[in-house]
Amino acid sequence: MELDLPDAIDLRRRFFTESDRRTLIGASVLDTSWHDRVAALPGPYFFVSEAVLPFLEEGQVRSFVRDLGGRFPGALLATDTSAQAMVDTQDQHDVLSLMTARMAWACDDPRSVEDWESGPRLLESRTFLDYPDELTAPLSAARKAFVHALETDHRDKTEIYRLNLFRLGG
2 MELDLPDAID LRRRFFTESD RRTLIGASVL DTSWHDRVAA LPGPYFFVSE AVLPFLEEGQ
62 VRSFVRDLGG RFPGALLATD TSAQAMVDTQ DQHDVLSLMT ARMAWACDDP RSVEDWESGP
122 RLLESRTFLD YPDELTAPLS AARKAFVHAL ETDHRDKTEI YRLNLFRLGG
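Residues in the sequence shown are numbered consecutively from 2, following my numbering.
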(Lines of atoms letter the chains of each structure in order from A and count residues from 1; the text may use other names and numbers.)
(Lines give C-alpha, C1' and ligand atoms only; values in the text may rest on other atoms or scores of the structure.)
Protein backbone atom coordinates (compact mmCIF):
# COMPACT_ATOMS: atom_id res chain seq x y z
CA MET A 1 0.00 0.00 0.00
CA GLU A 2 1.12 3.51 -0.74
CA LEU A 3 -0.14 6.34 1.43
CA ASP A 4 0.19 9.99 0.50
CA LEU A 5 -1.87 13.14 0.58
CA PRO A 6 -4.90 12.98 -1.75
CA ASP A 7 -3.49 15.30 -4.44
CA ALA A 8 -0.25 13.28 -4.61
CA ILE A 9 -2.24 10.03 -4.90
CA ASP A 10 -4.35 11.56 -7.69
CA LEU A 11 -1.13 12.29 -9.57
CA ARG A 12 0.21 8.77 -8.99
CA ARG A 13 -3.00 7.29 -10.36
CA ARG A 14 -2.22 8.99 -13.67
CA PHE A 15 0.95 6.89 -13.92
CA PHE A 16 0.31 3.72 -11.90
CA THR A 17 -2.52 1.23 -11.97
CA GLU A 18 -3.79 -0.22 -8.73
CA SER A 19 -3.53 -3.98 -8.45
CA ASP A 20 -3.45 -6.70 -5.85
CA ARG A 21 0.17 -5.61 -5.22
CA ARG A 22 -0.39 -1.85 -5.34
CA THR A 23 -3.08 -0.02 -3.42
CA LEU A 24 -3.07 3.76 -3.32
CA ILE A 25 -4.56 5.53 -0.31
CA GLY A 26 -5.09 9.28 -0.29
CA ALA A 27 -4.89 10.41 3.33
CA SER A 28 -2.62 12.05 5.85
CA VAL A 29 -0.37 9.87 8.01
CA LEU A 30 -2.15 11.55 10.92
CA ASP A 31 -5.57 10.30 9.81
CA THR A 32 -5.84 6.87 11.44
CA SER A 33 -8.75 5.75 9.24
CA TRP A 34 -6.28 4.17 6.78
CA HIS A 35 -5.17 1.80 9.56
CA ASP A 36 -8.33 -0.28 8.97
CA ARG A 37 -7.37 -0.96 5.34
CA VAL A 38 -3.89 -2.07 6.36
CA ALA A 39 -5.14 -4.16 9.29
CA ALA A 40 -7.47 -6.04 6.90
CA LEU A 41 -4.35 -7.56 5.34
CA PRO A 42 -2.32 -10.26 7.06
CA GLY A 43 0.90 -9.21 8.80
CA PRO A 44 3.70 -8.93 9.48
CA TYR A 45 3.70 -5.19 8.84
CA PHE A 46 6.59 -3.02 7.65
CA PHE A 47 5.97 0.72 7.35
CA VAL A 48 8.28 3.10 5.49
CA SER A 49 8.07 6.83 5.99
CA GLU A 50 10.53 9.01 4.11
CA ALA A 51 10.65 12.81 4.19
CA VAL A 52 7.38 12.97 6.13
CA LEU A 53 7.94 12.97 9.88
CA PRO A 54 10.58 15.75 9.96
CA PHE A 55 7.96 18.07 8.44
CA LEU A 56 5.50 17.46 11.29
CA GLU A 57 5.47 19.00 14.77
CA GLU A 58 6.89 16.74 17.48
CA GLY A 59 3.46 16.21 19.05
CA GLN A 60 2.14 14.99 15.71
CA VAL A 61 5.08 12.60 15.30
CA ARG A 62 4.50 11.26 18.81
CA SER A 63 0.80 10.69 18.03
CA PHE A 64 1.62 8.96 14.75
CA VAL A 65 4.12 6.61 16.43
CA ARG A 66 1.78 5.93 19.37
CA ASP A 67 -1.25 5.25 17.14
CA LEU A 68 0.66 3.08 14.68
CA GLY A 69 2.32 1.10 17.47
CA GLY A 70 -0.99 0.66 19.26
CA ARG A 71 -2.70 -0.70 16.16
CA PHE A 72 0.25 -2.71 14.81
CA PRO A 73 2.34 -3.80 17.81
CA GLY A 74 5.56 -5.47 16.78
CA ALA A 75 5.52 -3.94 13.29
CA LEU A 76 8.64 -2.35 11.86
CA LEU A 77 8.89 1.34 10.99
CA ALA A 78 11.70 2.62 8.79
CA THR A 79 11.90 6.40 8.90
CA ASP A 80 14.30 9.27 8.64
CA THR A 81 15.21 11.82 11.29
CA SER A 82 16.78 15.24 10.91
CA ALA A 83 18.89 16.79 13.65
CA GLN A 84 18.30 20.30 14.96
CA ALA A 85 21.27 21.54 12.91
CA MET A 86 19.54 20.42 9.71
CA VAL A 87 16.22 21.97 10.70
CA ASP A 88 17.97 25.22 11.64
CA THR A 89 19.87 25.44 8.34
CA GLN A 90 17.17 24.28 5.92
CA ASP A 91 16.95 27.79 4.45
CA GLN A 92 20.58 27.50 3.34
CA HIS A 93 20.15 24.01 1.81
CA ASP A 94 20.24 23.80 -1.99
CA VAL A 95 16.96 21.86 -2.22
CA LEU A 96 15.15 22.43 1.08
CA SER A 97 15.40 26.19 0.70
CA LEU A 98 13.30 25.97 -2.49
CA MET A 99 10.45 24.07 -0.83
CA THR A 100 7.34 25.62 0.68
CA ALA A 101 7.11 22.86 3.28
CA ARG A 102 9.35 23.47 6.31
CA MET A 103 10.85 20.90 8.62
CA ALA A 104 9.62 21.28 12.18
CA TRP A 105 10.56 18.15 14.14
CA ALA A 106 14.21 17.84 15.05
CA CYS A 107 15.67 14.62 16.43
CA ASP A 108 19.35 14.73 17.34
CA ASP A 109 19.36 11.19 18.73
CA PRO A 110 16.87 8.61 17.40
CA ARG A 111 17.29 6.65 20.65
CA SER A 112 15.33 9.42 22.37
CA VAL A 113 12.18 8.20 20.62
CA GLU A 114 12.36 5.08 22.80
CA ASP A 115 11.51 7.31 25.79
CA TRP A 116 8.17 8.36 24.32
CA GLU A 117 4.91 6.93 25.64
CA SER A 118 4.60 3.47 24.06
CA GLY A 119 7.81 4.36 22.28
CA PRO A 120 9.28 2.00 19.75
CA ARG A 121 12.60 0.25 20.13
CA LEU A 122 15.41 1.49 17.89
CA LEU A 123 16.88 -1.50 16.07
CA GLU A 124 19.31 0.32 13.80
CA SER A 125 20.29 3.85 12.82
CA ARG A 126 22.62 4.80 9.98
CA THR A 127 23.86 7.81 8.08
CA PHE A 128 24.48 7.82 4.35
CA LEU A 129 28.09 6.92 5.11
CA ASP A 130 27.33 3.89 7.26
CA TYR A 131 27.54 1.38 4.46
CA PRO A 132 27.34 -2.32 5.24
CA ASP A 133 30.49 -4.25 4.26
CA GLU A 134 28.60 -6.21 1.60
CA LEU A 135 27.99 -2.94 -0.26
CA THR A 136 31.48 -1.50 0.00
CA ALA A 137 33.46 -4.72 -0.58
CA PRO A 138 32.84 -4.85 -4.37
CA LEU A 139 33.70 -1.15 -4.90
CA SER A 140 36.77 -0.21 -6.89
CA ALA A 141 39.77 1.18 -5.01
CA ALA A 142 38.97 4.68 -6.28
CA ARG A 143 35.38 4.51 -5.03
CA LYS A 144 36.51 3.11 -1.68
CA ALA A 145 38.92 6.05 -1.39
CA PHE A 146 36.07 8.46 -2.16
CA VAL A 147 33.86 6.90 0.52
CA HIS A 148 36.75 7.02 2.99
CA ALA A 149 37.35 10.70 2.21
CA LEU A 150 33.68 11.46 2.83
CA GLU A 151 33.76 9.53 6.09
CA THR A 152 36.90 11.35 7.21
CA ASP A 153 36.13 14.89 6.08
CA HIS A 154 32.34 15.11 6.29
CA ARG A 155 31.23 12.73 9.06
CA ASP A 156 29.82 15.63 11.11
CA LYS A 157 27.65 16.79 8.21
CA THR A 158 26.19 13.34 7.61
CA GLU A 159 25.25 12.81 11.27
CA ILE A 160 22.43 15.37 10.95
CA TYR A 161 20.32 13.06 8.78
CA ARG A 162 19.74 9.45 9.79
CA LEU A 163 17.83 6.46 8.47
CA ASN A 164 16.31 4.43 11.31
CA LEU A 165 14.57 1.14 11.88
CA PHE A 166 12.20 0.87 14.83
CA ARG A 167 10.10 -1.96 16.21
CA LEU A 168 6.78 -0.47 17.25
CA GLY A 169 5.56 -0.90 20.80
CA GLY A 170 2.29 -2.04 22.16
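Ideal Cβ positions, reconstructed from N, Cα and C, are used throughout, including at glycine.
In this chain, residue 47 is not harboured by any alpha helix (DSSP H); it is covered by the beta strand (DSSP E) spanning 47-50. Counting the other CB atoms within 10 Å of its CB gives residue 99 a total below 16, which places it among the exposed residues. Shown here for residue 36: same chain residues with a beta carbon closer than 8 Å to its own, the five before and five after excluded, namely 68, 69, 72 and 73 in chain order. With distances taken between CA atoms, residue 114 lies nearest to 62 out of 62, 29 and 44. In this structure, the CA atom of residue 59 is about 23 Å from the CA atom of residue 96.
Residue nearest to residue 88 within the set 56, 65, 47 and 78 is 56 (criterion: CA-CA distance). In the three-state scheme derived from DSSP, where H, G and I count as helix and E and B as strand, residue 83 is classed as strand. Non-local C-beta neighbours of residue 104 in its own chain, meaning closer than 8 Å and more than five positions away in sequence, comprise 55, 56, 83, 87, 88, 91 and 97, ordered along the chain. Taking the Cα positions, residue 110 is about 13 Å away from residue 159. Sixteen is the threshold: when 16 or more other Cβ atoms of the shown chains lie within 10 Å of the Cβ of residue 121, as they do, the residue is buried.
Between the alpha carbons of residue 129 and residue 164 lies a distance of about 8 Å. Sorting 124, 117, 9 and 16 by C-alpha distance to the C-alpha of residue 29 places 9 at the top. Among the bridge pairs identified by DSSP, residue 27 is matched with 5.
In this structure, residue 66 and residue 117 form a Cβ contact; the two beta carbons are roughly 6 Å apart against a cut-off of 8 Å. Residue environment: residue 4 is assigned as buried (16 or more neighbouring CB atoms within 10 Å of its CB, all protein chains considered).
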